[in-house]
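Asks: Below is one structure. I have some questions about it.
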Amino acid sequence: MFLLHARPESPLSPSLRSQFLALLFLVAPVAAAAPGALEKYVAAPDNTFNWSIRETRALDNGQTAAHVEMTSQTWRGHVWTHHMQIVRAKDVRNPHIALVFVTGDGDGKRNLPMLQLWAERAGAIAACVTRVPNQPLYDGRKEDALIAFTFDNYLKDGDDSWPLLFPMAKSAVRAMDAVAAWAKQEHKQAVDSFVVSGASKRGWTTWLTAAVDARVKAIAPMVIDMLNMKVQTDWTLKCYGKQSEQIRDYTDLGLVDRMEDARMKEIRGWVDPFSYRARYTMPKLILLGTNDRYWTVDALRHYFHDLPGPKLIYQTPNAGHNLNGGADAANTLASFFQLIADKKPLPTLDWKFNGDGKVNVTVKCSQAAKSIRLWTATSADRDFRDDQWNSRDLEVKPGSASATAEVSAPEKGFRAYLAEVELVSPTGHTWKLSTEARVTPDFK
């Protein structure tokens, strides 16, 4: 049975929320111009938004799951439709917060085990929204090819509705609206705060959603290591002698070569999360893989220290863009969501890398560590994407939270390194955090 809600009343109805967002970004002191094209697009009223319940069922562990169908918007004549899977914990101890995971194709059912983990750990709601973006579009284009196509069209005609990241961010905002409305209708539960996550292009979407919606109280972007875009592409060229083959959809259209063109600067100002860095005062968990073919191993150096806190990192060793299936990352996100929902203090992780050629690594955590490991990989050419990472345990005294190590450059080539800290959550679950990765000898 379908229950259709043409204009559900979430904590702020779409029209009221549009006015609120417009006012918010007129007065907020931020790095990017306000309100810009992204904010205007997300805040614009769109009466095609609706959602309906396709199925509700009880899960074996006592949780409740709902399959919701949502229409988020009409973008350039294309009506965007989505599936959502919403899981509600058996024992809800945090009724006012939910996690929304932004994902790609499919109906979202393959994400149910992950949603169940997050909902159970936090005693809250965990949901996913699929088909972000709606694709294929424009002669079968998908993913980066579709994003690059929309950027190129803006360069050609100056119509600022083109960038695909705008409707992608709006899809996430509408998903939050739908979760809040569903919780209110089905469980008389007022959800007004969200943790948002997503991988790759959906990680990019996560950053932008947090920049435009004040309900986002924490984020966990996955495998998107491109903040400070112009600096990153310059750094990749320096490290590899060319751009990554993974961004060929952008290089084939000459977008990287045109980074300094006036309209390309406008796009960067709208879609580069680095432009909004002053807004990211909410807790952030950045989830990466050490062997991701999109980015250099030390891409974090070009933005992490410019972000306000709180901020944490976890890098899955020997994992590419799929995070080796994502089990370790999902578990770390579960503990992060739990701490956010329970309003418990997040750990802080500090590190110092002193020297070059022979580096002294010092890592210190604000909470007692179960273990601290040093991970290293060696490369002949500073491209670590195909190289194996190996670890060794560092000495951690009982009850301590710090360790030191020495990393020496190889006789030939380069060595990358990072430290990993294993922690125990208040409920006894182990989870991991990392430092950023660096390379010795370093480029000057």
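Each residue of the sequence shown is one higher than the last, beginning at 183 in my numbering. The C-beta atom is built at its ideal place from N, Cα and C for all residues, glycine as well. Owing to the predicted nature of the structure, the values given are computational and were not obtained by experimental measurement.
In chain order, what residues of the same chain lie with their CB nearer than 7 Å to the CB of Thr230, ignoring the 5 residues before and after it?
Replies: The residue given as residue 230 occupies position 48 in the sequence shown. These residues qualify, in order along the chain: Thr253, Gln255, Thr256 and Val261.
Asks: Just grab the DSSP bridge partners of Ala587 for me.
Replies: Residue mapping note: residue 587 aligns to position 405 of the sequence shown, counting from 1. Bridge partners of Ala587: Val543.
Asks: How long is the line joining the alpha carbons of Met296 and Trp364, rounded to whole angstroms?
Replies: Locating residue 296 in the sequence shown gives position 114, counting from the first residue. Locating residue 364 in the sequence shown gives position 182, counting from the first residue. Using only the alpha carbons, I get a separation of about 20 Å.
Asks: Tell me the DSSP secondary structure of Thr530 in three-state form.
Replies: Taking the sequence shown and counting its residues from 1, the one referred to as residue 530 is at position 348. Coil.
Asks: Exposed or buried, which one is His487 when buried takes at least 16 other CB atoms within 10 Å?
Replies: Residue numbering aside, residue 487 sits at position 305 when the sequence shown is read from its first letter. His487 should be labelled exposed.
Asks: Can you tell me whether Gln245 is buried or exposed? The criterion is at least 16 other CB atoms within 10 Å of its CB, across all chains shown.
Replies: Within the sequence shown, residue 245 is the residue found at index 63, counting from 1. It counts as buried.
Asks: For the segment 350-365 against the segment 385-400, are there 3 or more C-beta pairs whose distance is under 8 Å?
Replies: Judged by Cβ distances under 8 Å, the segment 350-365 makes contact with the segment 385-400, as three or more pairs qualify.
Asks: Could you name the residues of the same chain whose beta carbon sits closer than 6 Å to that of Met446, not counting the 5 residues immediately before and after it, in chain order?
Replies: The residue labelled residue 446 in the question sits at position 264 within the sequence shown. So the qualifying residues of the chain are Arg440.
Asks: Which runs of the alpha helix (DSSP H) at least 4 residues long sit entirely within the segment 400-433? Give them in chain order.
Replies: Fully enclosed alpha helix (DSSP H) runs of 4 or longer: 411-422 and 430-433.
Asks: On the CB-based measure, 16 or more other CB atoms within 10 Å of its CB, does Gly385 come out buried or exposed?
Replies: Position 203 of the sequence shown holds residue 385. So Gly385 counts as buried.
Asks: Should Pro592 be listed as close to the ligand NAP, given that the test is whether its C-beta is under 7 Å from any heavy atom?
Replies: Looking for the ligand NAP in the displayed structure turns up nothing, as the structure carries no ligands at all.
Asks: With H, G and I counted as helix, E and B as strand and the rest as coil, what does DSSP make of Lys493?
Replies: Translated into the one-based positions of the sequence shown, residue 493 becomes position 311. In this structure, Lys493 counts as strand in the three-state DSSP scheme.
Asks: Just checking, does the segment 561-571 make contact with the segment 469-477 on the three C-beta pairs under 8 Å criterion?
Replies: Yes, the segment 561-571 touches the segment 469-477.
Asks: For His611, which three-state DSSP category applies?
Replies: Taking the first residue of the sequence shown as position 1, residue 611 is located at position 429. If DSSP states are grouped into helix, strand and coil, His611 belongs with coil.
Asks: Does DSSP put Ser457 in a helix, a strand or coil?
Replies: Within the sequence shown, residue 457 is the residue found at index 275, counting from 1. Note: Ser457 maps to helix in three-state DSSP.
Asks: Taking the alpha-carbon of Ala481 as reference, which of Asp407, Gln549, Pro527 and Tyr432 has the nearest alpha-carbon?
Replies: Walking along the sequence shown from the start, residue 481 turns up at place 299. Nearest option by C-alpha distance: Asp407.
Asks: For the beta strand (DSSP E) containing Gly471, list its first residue and its last residue.
Replies: Translated into positions along the sequence shown, residue 471 becomes position 289. Taken as a continuous stretch (DSSP letters only), the beta strand (DSSP E) holding Gly471 covers Lys466 to Gly471.
Asks: What separation, rounded to the nearest whole angstrom, lies between the Cα atoms of Tyr336 and Ile449?
Replies: The sequence position of residue 336 within the sequence shown is 154, counting from 1. The sequence position of residue 449 within the sequence shown is 267, counting from 1. Each residue's alpha carbon lies about 8 Å from the other.
Asks: Between the Cα of Cys421 and those of Lys466, Ala562, Asp326 and Val373, spot the shortest distance and give me the residue it belongs to.
Replies: Reading the sequence shown from its first residue, position 239 is the one you call residue 421. If we check each option's Cα against that of Cys421, Ala562 comes out closest.
Asks: Could you compute how far the alpha carbon of Gly537 sits from the alpha carbon of Lys546?
Replies: Here residue 537 corresponds to residue number 355 of the sequence shown, with the count starting at 1. Here residue 546 corresponds to residue number 364 of the sequence shown, with the count starting at 1. Whole-angstrom Cα-Cα distance: 18 Å.
Asks: Between which two residues does the alpha helix (DSSP H) carrying Ala226 extend?
Replies: As a working note, residue 226 is residue 44 in the sequence shown. Element bounds for Ala226: n/a, residue is neither H nor E.
Asks: Considering Cα atoms alone, identify which of Thr560, Gly581, Val621 and Lys540 is closest to Ile554.
Replies: Residue mapping note: residue 554 aligns to position 372 of the sequence shown, counting from 1. Per the Cα distances, Gly581.
Asks: By the 10 Å Cβ neighbour count, where 16 or more other Cβ atoms means buried, how is Phe143 classified, buried or exposed?
Replies: Nothing can be reported for residue 143, as the shown portion of the chain is limited to 183 through 626.
Asks: For Met441, name the three-state secondary structure that DSSP assigns.
Replies: Here residue 441 refers to the residue found at position 259 of the sequence shown. In this structure, Met441 counts as coil in the three-state DSSP scheme.
Asks: For the beta strand (DSSP E) containing Glu604, name the first residue and the last one.
Replies: Residue numbering aside, residue 604 sits at position 422 when the sequence shown is read from its first letter. Where Glu604 is concerned, the enclosing beta strand (DSSP E) stretches over Phe596 to Val606.
Asks: Spatial neighbours of Asp287 within its chain, please: CB distance less than 7 Å, with the 5 preceding and 5 following residues excluded, ordered by chain position.
Replies: Here the question's residue 287 lines up with position 105 in the sequence shown. Cβ within range, chain order: Thr312 and Arg313.
Asks: Find the nearest neighbour of Asp342 within the set Val282, Asn410, Gly436 and Gly451, judged by alpha-carbon distance.
Replies: Looking up residue 342 in the sequence shown gives position 160. Answer by Cα proximity: Gly451.
Asks: Could you please give the first and the last residue of the uninterrupted beta strand (DSSP E) stretch that includes Asp178?
Replies: Any answer about residue 178 is impossible in this case: the structure gives the chain only from 183 up to 626.
Asks: Can you give the Cα-Cα distance for Leu505 and Ser517, rounded to whole angstroms?
Replies: The residue given as residue 505 occupies position 323 in the sequence shown. The residue given as residue 517 occupies position 335 in the sequence shown. So the two alpha carbons sit approximately 18 Å from each other.
Asks: For Ala351, collect the residues of the same chain with a Cβ closer than 7 Å to its Cβ; drop the 5 residues on either side in sequence, then sort them by chain order.
Replies: As a position in the sequence shown, residue 351 is number 169, starting the count at 1. Counting only Cβ-Cβ distances below 7 Å, and skipping sequence neighbours, we find Leu220, Val224, Thr387, Leu390, Thr391 and Val394.
Asks: When you compare the segment 231-250 with the segment 315-331, are there three or more beta-carbon pairs, one atom per stretch, that lie closer than 8 Å?
Replies: Short answer: they don't touch.
Asks: Mark Ala431 as exposed unless 16 or more other C-beta atoms lie within 10 angstroms of its C-beta, in which case mark it buried.
Replies: Looking up residue 431 in the sequence shown gives position 249. Note that residue 431 is Asp in the sequence shown, not Ala. Buried: at least 16 other Cβ atoms inside 10 Å.
Asks: If we ignore side chains and look at the alpha-carbon of each, how far apart do Asp592 and Leu576 end up?
Replies: By 1-based counting over the sequence shown, the position of residue 592 is 410. By 1-based counting over the sequence shown, the position of residue 576 is 394. Per the sequence shown, residue 592 should be read as Pro rather than Asp. Each residue's alpha carbon lies about 20 Å from the other.
Asks: Check this for me: beta carbons of Trp557 and Tyr496, under 8 Å apart or not?
Replies: In the sequence shown, counting from the first residue as 1, residue 557 sits at position 375. In the sequence shown, counting from the first residue as 1, residue 496 sits at position 314. Cβ atoms of Trp557 and Tyr496: not closer than 8 Å.
Asks: Are there 16 or more other CB atoms within 10 angstroms of the CB of Ala362, so buried, or fewer, so exposed?
Replies: Sequence index remark: in the sequence shown, residue 362 carries index 180 (1-based). Result: buried.
Asks: Below 8 Å between beta carbons: does that hold for Val250 and Ile268?
Replies: Taking the first residue of the sequence shown as 1, we reach residue 250 at position 68. Taking the first residue of the sequence shown as 1, we reach residue 268 at position 86. Yes, the Cβ-Cβ distance between Val250 and Ile268 is below 8 Å.
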